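Colleague: Residue numbers (my numbering): 3 to 98.
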Amino acid sequence: MPPPPGQASARHILVASEKDCEDLKQQIASGADFADLAAKHSKCPSGKRGGELGTFGKGQMVKEFETVVFSAPVGEVQGPIKTDFGYHLIEVTARS
């Protein structure tokens with residue numbers, strides 16, 4: 003079921019360094035499972051859920067994160083995206 007209008011669903015992996023983020027992105031491009039990598043490597047509590055952040059609207063995430071989530075193609079892994087929390091790989095799973 004798609005999220006309500008003006009909302010998106012996404013998952014992410016949060017790590018401390020740009021290099022770690024790039025390494026994980028390469029592993030995903032080579033066929034590794036996003037959720038498995040999130041569970042093993044993400045510094046965010048969402049890692050336990052495969053990086054799933056659920057559904058949210060504009061204004062609920064930091065600017066750099068929100069910009070990607072509301073503009074990137076659904077289903078493509080984006081990153082590294084730097085925020086005050088670290089470096090993210092982000093995959094938009096749905097948007098309306």
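Just so it is clear, CB atoms sit at the ideal spot from N, CA and C, and this is done for glycine as well. What you are looking at is a predicted structure, and each value in this text was computed from that prediction instead of being measured.
Restricting to Cα atoms, I'd like to know which of A37, A12, P4, M63 is closest to G77.
Modeller: Nearest of A37, A12, P4, M63 to G77, Cα basis: A12.
Colleague: Give me the residue from H90, G81, T57 with the minimum Cα distance to K45.
Modeller: Out of H90, G81, T57, H90 has the C-alpha closest to the C-alpha of K45.
Colleague: Using C-beta distances below 7 angstroms, list every residue in its chain close to F87, excluding the 5 sequence neighbours before and after it, in chain order.
Modeller: Closer than 7 angstroms at the Cβ level, and outside the excluded window around F87, lie L16.
Colleague: Would you tell me roughly how many angstroms separate the C-alpha atoms of F72 and P5, rounded to the nearest one?
Modeller: Cα to Cα, F72 sits roughly 13 angstroms from P5.
Colleague: Quick check on T69: buried or exposed, where buried means 16 or more other Cβ atoms within 10 Å of its Cβ?
Modeller: Result: exposed.
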